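**Student:** Start counting the sequence shown at 418; every next residue gets the next number (the working numbering).
C-beta: ideal position from N, C-alpha, C; glycine also.
All of these numbers come straight from a predicted model, not from anything done at the bench.
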Amino acid sequence: MRNLVWGTIGATAILIVASAAYFAYDFGMFRFNNPSLSTHPIQGIDVSHHQGDIDWKTVAAQPNVRFAIMKATEGGDHKDSRFAENWQRAGEAGLVRGAYHFFTFCRPGRDQAQNVLATVPNEPGTLPIAVDLEFVGNCDKVPTLEEMAMEVNAFFTELKGTFPEKPIFYVTQEFFDQYLKGNEARFPDHYLWLRSVFKEPQQEECGRWSIWQFADNGTLNGIQGPVDLNALCPSETGLAHLFPSVAAK
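1) In this structure, how does DSSP classify Q620 when only helix, strand and coil are distinguished?
2) Does the structure place the segment 564 to 571 close enough to the segment 602 to 612 that three or more beta carbon pairs sit under 8 angstroms?
3) The beta strand (DSSP E) with Q460 in it runs from where to where?
4) Just verifying my parser: in three-state terms, what is the DSSP assignment at W504?
5) With a threshold of 7 angstroms on Cβ separation, who are the neighbours of E551 within its own chain once the five nearest residues in sequence on each side are excluded?
6) G635 bridges to which residues according to DSSP?
7) Does the distance from the C-beta atom of V476 to that of G461 stay below 8 angstroms?
8) I need the boundaries of the alpha helix (DSSP H) containing D528, first residue and last residue.
9) Buried or exposed: F615, going by 16 or more other Cβ atoms within 10 Å of its Cβ?
10) Taking its Cβ as the centre, do 16 or more other Cβ atoms sit within 10 Å of H658, making it buried, or is it exposed?
11) Under three-state DSSP, which class holds R603?
12) With C-beta atoms as the reference, is F580 less than 8 angstroms away from W610?
13) Where Q619 and H457 are concerned, what is the direct C-alpha to C-alpha distance, given to the nearest angstrom?
14) Considering only the alpha carbon of each residue, which of D549, P545, Q531, N634 lies closest to F522?
15) Using a Cβ-Cβ cutoff of less than 6 angstroms, which residues in the same chain neighbour K496 once the five nearest sequence positions on both sides are dropped?
16) Answer with yes or no whether the minimum CB distance from N503 to chain C is below 8 angstroms.
17) Report yes if the CB atom of E582 is closer than 8 angstroms to the CB atom of S498, and no otherwise.
18) Pick helix, strand or coil for E591, following the three-state DSSP scheme.
19) Do you know offhand how far M487's Cα is from S453's?
20) Tell me, to the nearest whole angstrom, how far the beta carbon of R514 is from that of A485; I am working on the premise that it is less than 8 angstroms.
21) From this set, Q531, Q641, L649, which residue's C-alpha is nearest D470's C-alpha?
22) Given a cut-off of 8 angstroms on the beta-carbon distance, is the pair Q359 and G578 in contact?
23) Out of Q479, H518, F520, which one is the CA nearest neighbour of A510?
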C-alpha cells in the first residue's frame, strides 16, 4: 500500500511539473528552442491580424528580424485584414517580405489561387509565395493523397504565370508524414518551412528544410503579445542565395 501511495504521489507530481512547464511555455516564459544568431544568423517572423498594429520600424531594428512572412489570404475568399498595411509598412522598414496563403481542403486549389492573385502584389525582391498546409482551421476534411496532390498542383499552376518562383511549403510534422514524405515528386518542387517547437529538425545543407519555425510564443519590441519566430537553415548566410527572387530587389 505504501508503494502504491508513493507511486500515486510521484505520478501526480510529474503531472503537475509537466503542466507547469506547458503553461510556462505557452505564455512565453521559456522556449524549448532558442537558436542563437551565431548558429542561425538569419532569423525572422511570421504574422497575421492576430498581432494587431505592429510597429515595423521597431521590429526591423532588432537583429533577429531579417525577414517577415505575413498572412495574405485563406481559402477562396478570405483576406487577412492587416495584410495590406503589414506589407507596405514592413517594406518601408526595410525588411525582406513574404506572403503566405492558408490552404483549405474544402475549396478547389484554383479558386484559392485566384484569391492570392487578387491580394498579393507581384513585386521584386520578395520571398516566394508560401502556402500553409496543416490540419487546423474551419475545414475538417482529410483528403486522400491523390486529392491533396491534385488541388495543391492546381493551386500553383494557376499562380505560376504571376509567381513563377519555387514556392515555400509550411507544414507540421503530421502533415509532412501523411502527405509529403516519400511523395515529394507528386507535388510542385518546393522549399520546406517546417514547424518544430520542441527540437531542431535534422537537415543537410538546406536539403531537408529551408526555414524552421522554432517558437509560436516569441516576444519582440514593437509587437504586443506572442509572435512566431523562425530561422533560416544554418548553412545559409544570405536570403538571396537560397531564394533567388530576393536578389531581384
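**Tutor:** Let me lay it out:
1) Mapped onto the sequence shown, residue 620 falls at position 203. Residue state, collapsed to three classes: coil.
2) yes
3) If you number the sequence shown from 1, residue 460 lands on position 43. Run containing Q460: 460 to 464, per the beta strand (DSSP E) assignment.
4) As a position in the sequence shown, residue 504 is number 87, starting the count at 1. Helix at W504.
5) In the sequence shown, residue 551 corresponds to position 134, counting from 1. Closer than 7 angstroms at Cβ, skipping near neighbours: V588, T589, F592.
6) Residue mapping note: residue 635 aligns to position 218 of the sequence shown, counting from 1. Bridge partners of G635: V644.
7) Walking along the sequence shown from the start, residue 476 turns up at place 59. Walking along the sequence shown from the start, residue 461 turns up at place 44. For V476 and G461, no; Cβs fall outside 8 angstroms.
8) Position 111 of the sequence shown, counting from 1, holds the residue named residue 528. Where D528 is concerned, the enclosing alpha helix (DSSP H) stretches over 526 to 534.
9) Here residue 615 is taken as the residue at index 198 of the sequence shown, counted from 1. The residue is exposed, with fewer than 16 neighbouring Cβ atoms inside 10 Å.
10) Along the sequence shown, one-based indexing puts residue 658 at 241. Exposed, because fewer than 16 other Cβ atoms sit within 10 Å of the Cβ of H658.
11) By 1-based counting over the sequence shown, the position of residue 603 is 186. In the structure shown, R603 sits in a helix (DSSP, three-state: H, G or I).
12) As a first step, residue 580 must be located in the sequence shown, where it is residue number 163. As a first step, residue 610 must be located in the sequence shown, where it is residue number 193. Taking 8 angstroms as the Cβ cut-off, F580 and W610 do not qualify as a contacting pair.
13) Along the sequence shown, one-based indexing puts residue 619 at 202. Along the sequence shown, one-based indexing puts residue 457 at 40. Cα to Cα, the separation comes out at about 14 angstroms.
14) Against the sequence shown, residue 522 aligns to sequence position 105. Checked all of D549, P545, Q531, N634; the closest Cα to F522 is D549.
15) If you number the sequence shown from 1, residue 496 lands on position 79. Counting only Cβ-Cβ distances below 6 angstroms, and skipping sequence neighbours, we find T490, T536.
16) No chain C appears in the structure shown, which is made up of a single protein chain.
17) Stepping through the sequence shown from its first residue, residue 582 is reached at position 165. Stepping through the sequence shown from its first residue, residue 498 is reached at position 81. Their beta carbons are not under 8 angstroms apart, which means E582 does not touch S498 by this criterion.
18) Sequence index remark: in the sequence shown, residue 591 carries index 174 (1-based). Correct three-state label for E591: helix.
19) The residue you call residue 487 lines up with position 70 of the sequence shown. The residue you call residue 453 lines up with position 36 of the sequence shown. Cα-Cα distance, rounded: 23 angstroms.
20) Position 97 of the sequence shown, counted from the start, is the residue given in the question as residue 514. Position 68 of the sequence shown, counted from the start, is the residue given in the question as residue 485. 6 angstroms between Cβ atoms; contact.
21) Residue numbering aside, residue 470 sits at position 53 when the sequence shown is read from its first letter. When only C-alpha atoms are compared, the closest one is Q641.
22) As shown, the chain starts at 418 and ends at 666. That puts residue 359 outside it, with no answer to give.
23) As a first step, residue 510 must be located in the sequence shown, where it is residue number 93. Nearest option by C-alpha distance: Q479.
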